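For the sequence shown, the positions run 0 to 357 when numbering that gives the first Met the number 0 is used.
All C-beta atoms in this analysis are idealised placements derived from N, C-alpha and C, irrespective of residue type, glycine included.
Computed from a predicted structure; not experimentally measured.
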Amino acid sequence: MNLFYKKVYDVLKEKNADAVVVSGGANMRYLSGFRGATGYLYISGNRQVLLTDSRYTTMAKAEAEAFEVVEISAAAGYGKLIAGLIEADGAERVGYEDQVMLCADYAALNEAGGRRLNVPLGNSLDLLRCVKTEEELELLAKAEEIGDLAFSHILTVLKPGLTEIEVAAELEYFMKRNGAEELSFPSIVASGENSAMPHAMPGSRKLQNGDFVTMDFGCVYQGYCSDMTRTVMIGKADEKQKAFYNVVLKAQLAALDSLKAGKKGCEVDAVARTIIADAGYGEYFGHGLGHSVGLQIHEWPRLSPNDSTVLVPNMIETVEPGIYLPGVYGVRIEDMVVVTEDGYRNLAHSPKELIEVG
Ligand code: GLY
Ligand code: MN
Ligand code: MN
């Protein structure tokens, strides 16, 4: 049984709150085990209640064993039911996810609940998910393995004349045929000058010889996301392209080398950023070096100049430096790794030396 809800008691204590209302999504799944998209959790020292509608009650009872499942009705909606729980508990200070809840839902629930949703939790509940259990790490490894298999497969498919959308479709179909339940984010396949857009959307551009093709893709396996990027060359790379690619590779390898428990996210980011800046491309690496991954594709902590979180074992991080020359081309290389006491364990095993296809 998933008893992660107990972690909430630390947050209640820290925030001096009597109860929390969790408003769906990843935290609801994490804390209760319930995979349905719609509902609320109410967690206090006395009760753990999952409120949902009739589409989900059967599933909720099976998945959220540690919770009382309460079904909403026309006569008693979320507002009335949550207000009843708050009242019965005598809870004066109730936490809510101000970074997740819709303003309209907050206004309605707070009004119904006697204005006692009064402790904004920021990302406190998200932070409970930072350090993964062995079971979670296995699912993340499996999700990333599907990504590795998809990359091997796509190397047999890539050729001049295919469109970016066709390449993305092939990656996605392959991942689903190999155990993925869905995509962890819209796949990026960006060729030639499009590869200079870090989050380009695949389009009708056809691959040509001399193109870099950046493929950033991932899937969801039993709720857990994967994320990887490889950039390959269609045909032969010229010397300039090879040198350009190798700056990114060098930055990626050096950042990985520096990564271990005890380091701050910003320190690992700085390792890659310095190499890229020293090569003269500092202004062309605009995003952070990486992020954590779990039930969501972007989790805490980040490897970024703005995140000084100290890494601890069993956190997940992506390491994904990139250089993007507008109108010319770009390269990004991304692995997903587990932080360990003395380094990291890479969940991605696909080669990173520049691959020339065809
Ligand atoms: N494209 C999602 C990511 O790599 O962060
Ligand atoms: Mn990615
Ligand atoms: Mn990523």
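- Using a Cβ-Cβ distance cut-off of 8 Å, the region 225 to 236 and the region 267 to 276 are not in contact, since fewer than three pairs of beta carbons, one from each stretch, lie closer than that value.
- The residue among I42, Y41, N45, T56 with its C-alpha nearest the C-alpha of G35 is T56.
- Taking all protein chains in view, the Cβ of S203 is surrounded by fewer than 16 other Cβ atoms within 10 Å, so the residue is classified as exposed.
- A Cβ-Cβ distance of about 6 Å is found for the pair L170 and S186, placing them in contact under the 8 Å criterion.
- Distance between G76 and S257, taken at the CA atoms: about 52 Å.
- Placement of the Cβ of T228 at a distance of less than 8 Å from at least one heavy atom of ligand 3 is found.
- About 6 Å separates the CB atoms of F66 and V48; that is less than 8 Å, so the two are in contact.
- Each of D210, G112, Y172 was checked against the Cα of P159, and the nearest Cα belongs to D210.
- The region 146 to 158 makes contact with the region 342 to 349, as at least three CB pairs between them are under 8 Å.
- D215 has its CB nearer than 8 Å to a heavy atom of ligand 1.
- Between the beta-carbon of P201 and that of A179 there is about 18 Å, and that puts the pair past the 8 Å contact cut.
- Looking at the backbone, the Cα of H297 and that of T213 are separated by about 19 Å.
- The Cβ atoms of I354 and V337 lie no closer than 9 Å to each other.
- Judged by DSSP secondary structure, D334 falls outside any alpha helix (DSSP H) and instead within the beta strand (DSSP E) spanning 334 to 339.
- Contact between L84 and K14 is absent: CB atoms are separated by about 18 Å, not below the 8 Å threshold.
- For S183, DSSP assigns no beta-bridge partner whatsoever.
- Short of 6 Å from the beta carbon of R301, and not among the five residues preceding or following it, lie these beta carbons of its own chain, in chain order: G264, G287, H290.
- For T162, the closest alpha carbon among the candidates Y39, F173, G191, C218 is that of G191.
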